[in-house]
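Plus 54 on top of the position in the sequence shown (first one is 1) and you've got our numbering.
C-beta atoms are modelled at their ideal positions from N, C-alpha and C, and glycine is treated no differently.
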Amino acid sequence: MSIQTKIKSSSPPPPSIITMASRLFALSASLALLCLLIPSAYGKTASFHVEQGSNNIYFAVNIKYDGVITAVALKQTNPPYSRESGWLPFTHNFGTVWRFDPQDPTLPPFSIKITDSQNNNFVAKNVIPPNWKPNTVYTANLVRA
């Protein structure tokens, strides 16, 4: 009986290095999973060079992005016409240049969505400001869409 009493009255042993390491590993796995759920592109950026000749009825950008772009779309913050709301697709012009030929004049600021070769979507929110000018580069952090 004295052995049982001794076991009951003793405090639990301190966690071992292995126990602490396994807990830390589980925590880091949880954080990695959380990073996948948070909408971000993990520090990705893109640069958009507005091509010479762009205006409110023709808009072309040369996109510098670390990856293969398969689709690009534009969204106006305050579209003047209801049919121009939502994401509107660009046409691939050549190389890394994409163009947008709207049915009606556009009203910036514009957000641009990039789809990569793995079908991931990233958005540069309001990257093209209201006072944009041709032959100018605008850079933005990308957010996973």
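Query                                                                                                                                : Result
On the DSSP letters alone, give me the boundaries of the beta strand (DSSP E) that Ser108 sits inside.                               : Careful: Ser108 lies outside any beta strand (DSSP E) and carries neither H nor E.
Which residue comes first and which comes last in the beta strand (DSSP E) that contains Leu128?                                     : 123-130
Can the beta-carbon of Tyr135 be found closer than 7 Å to that of Asp158?                                                            : yes
From which residue to which residue does the beta strand (DSSP E) around Trp152 run?                                                 : 151-154
Can Phe164 and Trp152 be called in contact, C-beta distance under 7 Å?                                                               : no
Go through its chain and collect everything with a Cβ distance to Ser94's Cβ below 7 Å, but skip five positions before and after it. : Since pLDDT at Ser94 reaches only 46, below the 50 mark, its modelled position is unreliable, and the value read off the structure follows with that caveat. Taken in chain order, the residues that qualify are Val197, Arg198.
Between Lys98 and chain B, is there a C-beta pair that is closer than 7 Å?                                                           : You won't find chain B in this structure, because it holds only one protein chain.
Return yes when the Cβ of Asn185 is within less than 7 Å of the Cβ of Gln106, no when it is not.                                     : no
What are the boundary residues of the beta strand (DSSP E) that includes Lys179?                                                     : 175-182
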